[in-house]
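Residues in the sequence shown are numbered from 15 upward in steps of one, following this note's numbering.
Positions of the beta carbon are idealized from the N, C-alpha and C atoms, including for glycine.
Quick caveat: nothing in here was measured; it's all calculated off a predicted structure.
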Amino acid sequence: MAPPTELTTSPHPAPPPQPSLSSEPTFLAFLPILCAVWSDGLMEDAELGAVSGALGGAGWMTPEGRRQVRDWLDPSSPPAPPVFAAATTTIQSGAGSSLTLARAGVAVAQAAVRRRLHLMTLYGEEPAAELRSAADMVPWRDDALATLGQVELELGLAGPEALRELTGMGDERTAPPLPPPGVVDEVAAHIHGGHADVRSRVREALARPELSIPGEIPRGEYRERTLTAVKVLADMGIGGIALPREWGGLGDPGGAVAAFEELALGDLSVLVKYGVQFGLFGGSIAQLGTEKHHERYLAQVASLALPGCYAMTETGHGSNVRDLRTTADYDRASGEFVITTPDDDARKDYIGNAALHARMATVFARLRIGPEDHGVHAFLVHIRDARGRTAPGVRIEDCGAKAGLNGVDNGRIWFDGVRVGAEALLDRFARITPEGEYESPIPSAGRRFFTMLGTLIAGRISIAAASQAVTRKALTIAVRYAAARPQFGPAGGGEVPILDYLSLQRNLLTRLATSYAMGFAVRDLTRRFADPDTDRMELEVRAAGLKAAASRLAMESLQACREACGGKGYLAENQFARLRADTDVFTTFEGANPVLLQLVAKGLLSRLRRDLGSMNMWGMARYLAELTGIRLAEMNPVVTRRTDPAHLADPDFQLAAFRYREQRLLRSAARRLKARMDQGMDSFDAINECQDHLITLARAHVDRIVLEASVESLDPMDECHGKELITRVIALYGLATLEANRAWYLETGYFEPPKSEAVRREVNVLCGELAPRALELVDAFGIPDELLGAPIGRQRQRD
Ligand SMILES: Cc1cc2nc3c(=O)[nH]c(=O)nc-3n(C[C@H](O)[C@H](O)[C@H](O)COP(=O)(O)OP(=O)(O)OC[C@H]3O[C@@H](n4cnc5c(N)ncnc54)[C@H](O)[C@@H]3O)c2cc1C
Numbered sequence: 015m016a017p018p019t020e021l022t023t024s025p026h027p028a029p030p031p032q033p034s035l036s037s038e039p040t041f042l043a044f045l046p047i048l049c050a051v052w053s054d055g056l057m058e059d060a061e062l063g064a065v066s067g068a069l070g071g072a073g074w075m076t077p078e079g080r081r082q083v084r085d086w087l088d089p090s091s092p093p094a095p096p097v098f099a100a101a102t103t104t105i106q107s108g109a110g111s112s113l114t115l116a117r118a119g120v121a122v123a124q125a126a127v128r129r130r131l132h133l134m135t136l137y138g139e140e141p142a143a144e145l146r147s148a149a150d151m152v153p154w155r156d157d158a159l160a161t162l163g164q165v166e167l168e169l170g171l172a173g174p175e176a177l178r179e180l181t182g183m184g185d186e187r188t189a190p191p192l193p194p195p196g197v198v199d200e201v202a203a204h205i206h207g208g209h210a211d212v213r214s215r216v217r218e219a220l221a222r223p224e225l226s227i228p229g230e231i232p233r234g235e236y237r238e239r240t241l242t243a244v245k246v247l248a249d250m251g252i253g254g255i256a257l258p259r260e261w262g263g264l265g266d267p268g269g270a271v272a273a274f275e276e277l278a279l280g281d282l283s284v285l286v287k288y289g290v291q292f293g294l295f296g297g298s299i300a301q302l303g304t305e306k307h308h309e310r311y312l313a314q315v316a317s318l319a320l321p322g323c324y325a326m327t328e329t330g331h332g333s334n335v336r337d338l339r340t341t342a343d344y345d346r347a348s349g350e351f352v353i354t355t356p357d358d359d360a361r362k363d364y365i366g367n368a369a370l371h372a373r374m375a376t377v378f379a380r381l382r383i384g385p386e387d388h389g390v391h392a393f394l395v396h397i398r399d400a401r402g403r404t405a406p407g408v409r410i411e412d413c414g415a416k417a418g419l420n421g422v423d424n425g426r427i428w429f430d431g432v433r434v435g436a437e438a439l440l441d442r443f444a445r446i447t448p449e450g451e452y453e454s455p456i457p458s459a460g461r462r463f464f465t466m467l468g469t470l471i472a473g474r475i476s477i478a479a480a481s482q483a484v485t486r487k488a489l490t491i492a493v494r495y496a497a498a499r500p501q502f503g504p505a506g507g508g509e510v511p512i513l514d515y516l517s518l519q520r521n522l523l524t525r526l527a528t529s530y531a532m533g534f535a536v537r538d539l540t541r542r543f544a545d546p547d548t549d550r551m552e553l554e555v556r557a558a559g560l561k562a563a564a565s566r567l568a569m570e571s572l573q574a575c576r577e578a579c580g581g582k583g584y585l586a587e588n589q590f591a592r593l594r595a596d597t598d599v600f601t602t603f604e605g606a607n608p609v610l611l612q613l614v615a616k617g618l619l620s621r622l623r624r625d626l627g628s629m630n631m632w633g634m635a636r637y638l639a640e641l642t643g644i645r646l647a648e649m650n651p652v653v654t655r656r657t658d659p660a661h662l663a664d665p666d667f668q669l670a671a672f673r674y675r676e677q678r679l680l681r682s683a684a685r686r687l688k689a690r691m692d693q694g695m696d697s698f699d700a701i702n703e704c705q706d707h708l709i710t711l712a713r714a715h716v717d718r719i720v721l722e723a724s725v726e727s728l729d730p731m732d733e734c735h736g737k738e739l740i741t742r743v744i745a746l747y748g749l750a751t752l753e754a755n756r757a758w759y760l761e762t763g764y765f766e767p768p769k770s771e772a773v774r775r776e777v778n779v780l781c782g783e784l785a786p787r788a789l790e791l792v793d794a795f796g797i798p799d800e801l802l803g804a805p806i807g808r809q810r811q812r813d
């Protein structure tokens, strides 16, 4: 190996060479037109023809100037970003007050000649007579204007827009003005979407004393109170919204999500107990069982006559449910299953409703017939009798106090050879034949299990919706407080509300914008969920991603909102302490967020493989052309540098940037995984080595679907006065997300530093614009004062 040289050991690497641009005047005259031609990253045949044709007749050009222009005319070689950047800077500084590309070209050429003369004078050199006469006016000025003007006309670039587009000079904010105050009702109608009847029924329930949010009460009392509240909901028919009509329900899965979202404005213990009873326990019977189970149990579930629980997690296996170890051995002689907990590691753990109230459990266990293991299946097992006595062979232990949700009785369950009839198997996807044989329409055990889990997708969608409600509640309290709380002020003036401070605006308003955007995405997800034609795999990916993103947003918003309320935020009466404790576990149950994000990434990779695998030659060519198109159109030097506010807030630009990030991360993840597996690494290790990449990909996917759903939500608002307000809110979401990912965009060259700085600036500008409208934006959430705690959440302005 060669000894290290001074260069390689230097701690300071040499700076990259700066791009140099020719100062040849006749080339410079063409420069604005060349830049305009390359501004979309593509050189069309017509553009090439127009510029080449003009060169032929441009007798005023020098051979060197002509050669340099031709260097820019290779369609397969766009100017490198630094060269393009240097060119636009040269045009900006030399174009003066020119209004067209042709005039700008001549002005730039003149400026270059003047600069050369100036330098020569400085160094005592004598300029040639020809150059001296050019100092006032290049002699070929009129000829050049004729040639360049003709090219402008041919390319449709005549007029001031082309130059303004290229340089950003003279750009002014063109966004329409915000509507005057008074659009709350319109905005509110738009953000909530359908299911108004369900929502108002839940609001009615939340107004009842049994459902009020209790202060500090002993745990035992709290649990009984929570049970009573769930009974009230059942009596009002709110428990069975998703269940089939023939068994006492409304058959309305979207309505059930809306009900869950509304309930999340109240006591979260009630929400979670409600979710366990009707969503998990009832949902497992409805989705995994068959008619005999529905007929026998669903009406009792909906009325709470049969309280139940959903016993999947074990102490040893939480996220990895495929490897659960509770067993269900089929006894051919008696036609029964024998449910057994082999050891303490396989006891059921954290099970909601189990410690006190559940009489039946949906138990997930390995179905075995003799030595054959058919994988995890669901069974209905009685764990208590009607008087609350534990069933024979069942042992239950209380999980005790938790960080939050203490109105829910979570417990651990052991099964010691508990015998249940064959009908206990929830047999939609697998059954035991009368001959005692195992039978399933899905041959692969892994696929069968994931199909079973997929049917329980409602839980994730519901948690996403509930997280949204919590975020809105926290923001409502904090924005109202911040608008009313004065601190400091200009010398000689009064104190100003803390919402006037930029750092507070950034903390609250970027989250407010994100919660609006997330709300549109969750609404779109709920609509897809209720549509029987939706692709299930796509739905699973979306549900997993949005559950992870919405629960994370809720936790981060709670912290930001608590801090925005200062000491008041820490008082129990203002709810943040309790909300944080109760919401925290939303990031863990129904799938731990990091695990869900990997599920998203794997779903995207499978789809890519499927798409590529099924493509014929033409499909593949089109696919590659599309990707190349994205690269050329969006990585072109003008776009990477454009910094004007209208461009940054443009949904087309934002969507393109979000899609680019997702696509690039997807392709690079696929390449990295393939490279490892091609070298013989097994898929588990390969995925683990790329795990950070996969999680980043999943986040990029979620960001994209949130922005897409938000932008699409604007379409039906054409007639609304509030449309511009929501448009601005969505633009802030888009920009704040770009800002959060600035490092990535800079690393990949999608942004150049000025653009990255402009994004940051524009976030500030939008925060400032929206701050005076923040009260309206939270009022549109429509959360009743009684649910906001006392008293800061109710205050709307300074007394
Ligand atoms: C209040 C509460 C109520 C619950 N209610 C129920 C219920 O009613 N029924 C029920 O069945 N269960 C219930 N659960 C259990 C819950 O679903 C599990 O806690 C959850 O699935 C996580 O499992 P775990 O606790 O074993 O954590 P683990 O799976 O051990 O995870 C621990 C950490 O490791 C991370 N991790 C795990 N695998 C990976 C990986 N491959 N890559 C990267 N990171 C990874 C996780 O993200 C997490 O951060 C409840 C839990 C709580 C706390």
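Identify the continuous beta strand (DSSP E) that holds Thr597 and give its terminal residues. First-last for Thr597: Phe590 to Thr597, but that is the alpha helix (DSSP H), not the beta strand (DSSP E).
Taking 8 Å as the limit between beta carbons, can you name the residues of its chain near Leu801, skipping five residues before and five after? Leu220, Ile227, Leu279, Gly280 and Lys487
For Thr329, the nearest candidate out of Cys323, Asp359 and Val315 (CA to CA): Asp359
Have a look at Gly583 and Asp598 and give me their C-alpha separation to the nearest angstrom. 17 Å
What runs of the beta strand (DSSP E), each 3 residues or longer, lie entirely inside the region 258–318? none
Cβ shell of Arg483 (< 6 Å), same chain only, five flanking positions each side left out: Arg is not the amino acid found at residue 483; the sequence shown has Ala there. Contacts found: Glu275, Ala278 and Leu279.
What's the C-alpha gap between Trp261 and Ala313? 5 Å
Rounding to the nearest angstrom, what Cα-Cα distance links Ile252 and Val271 in this structure? 11 Å
When the Cα atoms are used, what is the spatial distance from Leu62 to Ala492? 58 Å
First through last residue of the beta strand (DSSP E) which encompasses Ala375: Met374 to Ile383
Quick one: grab the DSSP three-state call for Tyr324. strand
Assign Gly303 to one of two classes, buried (16 or more other C-beta atoms within 10 Å of its C-beta) or exposed (fewer than that). buried
Reduced DSSP category for Val422 - H, G, I as helix; E, B as strand; rest coil: coil
Hey, out of Val198, Asp59 and Val244, whose CA is closest to Leu789's CA? Val198
Between the C-alpha atoms of Glu38 and Leu669, what's the straight-line distance to the nearest angstrom? 40 Å
Quick one: residues in its chain with C-beta nearer than 7 Å to the C-beta of Glu753, no 5 flanking neighbours on either side, listed in chain order? Val773, Arg774 and Val777
Taking C-alpha atoms, which residue in Pro96, Ala99, Ala126 and Asp664 lies nearest to Gly110? Ala126
Ordered along the chain, which non-local residues of its own chain (more than five positions away) have a Cβ less than 8 Å from that of Gly450? Tyr344, Arg346, Gly349 and Ile383
Name the residue from Met569, Gly293, Gln519 and Gly533 whose alpha carbon lies nearest to the alpha carbon of Ala750. Gln519
Helix, strand or coil at Leu802 according to DSSP, with G and I counted as helix: helix
Is Tyr324 a contact residue of ligand 1, with contact defined as CB to any heavy atom under 7 Å? yes
Three-pair Cβ contact test at 8 Å for the region 543–553 versus the region 719–737: no
What first and last residue would you give for the beta strand (DSSP E) that runs through Asp343? Thr341 to Asp345
Is Lys737 near ligand 1, with its Cβ less than 7 Å from a heavy atom? no
Range of the contiguous beta strand (DSSP E) that encloses Phe795: No beta strand (DSSP E) contains Phe795, which DSSP labels as neither H nor E.
Kindly examine ligand 1 and report whether one of its heavy atoms sits closer than 7 Å to the Cβ of Phe603. yes
Opening and closing residue of the beta strand (DSSP E) in which Ala392 lies: Glu386 to His396
Identity of the residue in Ala101, Val201, Val97 and Thr710 nearest Asp732 by Cα: Val201
Leaving out five residues before and five after Glu437 in sequence, what residues of the same chain have Cβ atoms less than 7 Å from its Cβ? Lys306
Under the rule that 16 or more other beta-carbon atoms within 10 Å means buried, what is Gly223, buried or exposed? Looking at the sequence itself, residue 223 is Pro, so the reference to Gly does not match. By the 10 Å Cβ count, Pro223 comes out exposed.
If we ignore side chains and look at the alpha-carbon of each, how far apart do Gly796 and Val395 end up? 42 Å
Taking buried to mean at least 16 other C-beta atoms within 10 Å of its own C-beta, is Pro798 buried or exposed? exposed
Under 7 Å Cβ to Cβ from Arg474, same chain only, skipping five residues before and after it: list those, please. Ala557, Ala558, Lys561, Glu604 and Gly605
Suppose the cutoff is 6 Å on Cβ atoms and the five residues either side in sequence are ignored; what does the same chain contact list for Val609 look like? Ser333
Tell me whether the beta-carbon of Ala368 lies closer than 8 Å to the beta-carbon of Ser298. no
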